[in-house]
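Chemist: Sharing a structure with you now.
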Amino acid sequence: MSRALACARVHTRAMHTSVRCAKEDITKEMNYVLRKDTMPLQQLPKYRFDDVSTVGHMRLQKERQMLKYYRLLANEFPKLKELHVPFTPPPPSSFLTFKFTHYQGEEHPDTSKVVLTLAVKDLFDAKALSTSLAKHKFLLLAGPRWQPPHTALVQRWNDALAQGPDALEALCQVVQRCAGPHGI
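Shown next, in the form of structure tokens:
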């Protein structure tokens, strides 16, 4: 009985015999593969320059990708015109600007920071500050957060709280305390 036939009858032999037979068969196949020329360059047909090179295929792929985007531009973008809403500037009564920071995909300490920016002139226009004494007191309370060369902006930030909306509420309370309904 040949060795290959013995390996075919694994179920009748002991386990160690079948493992030994499998190892021998694998080594025989590997020796054959190593001896065989797996890429016979002499047998390849003569190159007639009728095929596209690798760089050419890469360029064709880029062209296909660009054509895909052009089709998207031509077919899908006109549908976006239906969703267009013209810009309307905010009314003069909403002069507070809140800036939030968000880092996509990661936790960062700056995500709890909210920066409030307002112009002192807008406080007068909204009648939150009524006298020059109230303006002076407000600017004293603002301290180093008041930057006179930059159109008299006052910036206040709160990064002690855990979440941005909580910081927003705290900043709104600060503004209401400083420039409440009766002025300062």
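In UniProt numbering, the protein residues as written are 1 to 184. Just so it is clear, CB atoms sit at the ideal spot from N, CA and C, and this is done for glycine as well.
1. Could you give the distance in angstroms between the alpha-carbon of Met58 and the alpha-carbon of Thr101?
2. Please name the residue in Ser132, Asp125, Ser130 and Leu118 whose C-alpha comes closest to that of Arg145.
3. Roughly how many angstroms lie between the CA atoms of Leu80 and Phe49, to the nearest whole one?
4. Taking 8 Å as the limit between beta carbons, can you name the residues of its chain near Ala126, skipping five residues before and five after?
5. Are the Cβ atoms of Val120 and Lys137 separated by less than 8 Å?
6. Would a C-beta distance cut-off of 8 Å place Leu116 and Phe98 closer than the cut-off?
7. Could you have a look at Cys21 and say whether DSSP puts it in helix, strand or coil?
8. The alpha helix (DSSP H) with residue 264 in it runs from where to where?
9. What are the complete alpha helix (DSSP H) segments, minimum 4 residues, inside the segment 58-109?
10. If we ignore side chains and look at the alpha-carbon of each, how far apart do Tyr69 and Ser130 end up?
11. In whole angstroms, what separates the C-alpha of Gly143 from that of Leu123?
12. Taking the CB atoms as reference points, tell me whether Val52 and Leu60 lie closer together than 8 Å.
13. Just the C-alpha distance for Val114 and Leu83, rounded to the nearest angstrom, thanks.
14. Just how far apart, CA to CA, sit Glu169 and Leu140?
15. Using DSSP with H/G/I as helix, E/B as strand and the rest coil, what is Phe49?
Modeler: With the structure as the only source:
1. Numbered from its first residue, the sequence shown carries residue 58 at position 58. Numbered from its first residue, the sequence shown carries residue 101 at position 101. Cα-Cα distance, rounded: 40 Å.
2. Reading the sequence shown from its first residue, position 145 is the one you call residue 145. Per the Cα distances, Leu118.
3. The sequence position of residue 80 within the sequence shown is 80, counting from 1. The sequence position of residue 49 within the sequence shown is 49, counting from 1. Cα to Cα, Leu80 sits roughly 46 Å from Phe49.
4. Position 126 of the sequence shown, counting from 1, holds the residue named residue 126. Once the five neighbours on either side are set aside, the close Cβ partners of Ala126 are Pro92, Ser93 and Phe95.
5. In the sequence shown, the residue the question calls residue 120 occupies position 120. In the sequence shown, the residue the question calls residue 137 occupies position 137. Lys137 is positioned such that its CB atom lies no closer than 8 Å to that of Val120.
6. Walking along the sequence shown from the start, residue 116 turns up at place 116. Walking along the sequence shown from the start, residue 98 turns up at place 98. It is a contact, given that the beta carbons lie within the stated cut-off.
7. Position 21 of the sequence shown holds residue 21. Annotation note: pLDDT 49 at Cys21 (below 50); position unreliable, no value reported.
8. Within the shown structure, residues of the chain are numbered from 1 to 184, placing residue 264 beyond reach of any answer.
9. Segments of the alpha helix (DSSP H) lying fully in the segment 58-109: 77-80.
10. Against the sequence shown, residue 69 aligns to sequence position 69. Against the sequence shown, residue 130 aligns to sequence position 130. Distance between the alpha carbons of Tyr69 and Ser130 is about 57 Å.
11. Indexing the sequence shown from 1 puts residue 143 at position 143. Indexing the sequence shown from 1 puts residue 123 at position 123. When rounded, the separation of the alpha-carbon atoms in Gly143 and Leu123 is 17 Å.
12. Taking the first residue of the sequence shown as position 1, residue 52 is located at position 52. Taking the first residue of the sequence shown as position 1, residue 60 is located at position 60. Cβ atoms of Val52 and Leu60: closer than 8 Å.
13. The sequence position of residue 114 within the sequence shown is 114, counting from 1. The sequence position of residue 83 within the sequence shown is 83, counting from 1. Roughly 30 Å between the two C-alpha positions.
14. Along the sequence shown, one-based indexing puts residue 169 at 169. Along the sequence shown, one-based indexing puts residue 140 at 140. One C-alpha to the other measures close to 22 Å.
15. Within the sequence shown, residue 49 is the residue found at index 49, counting from 1. Under the three-state reduction of DSSP output, Phe49 falls in the coil class, being neither helix nor strand.
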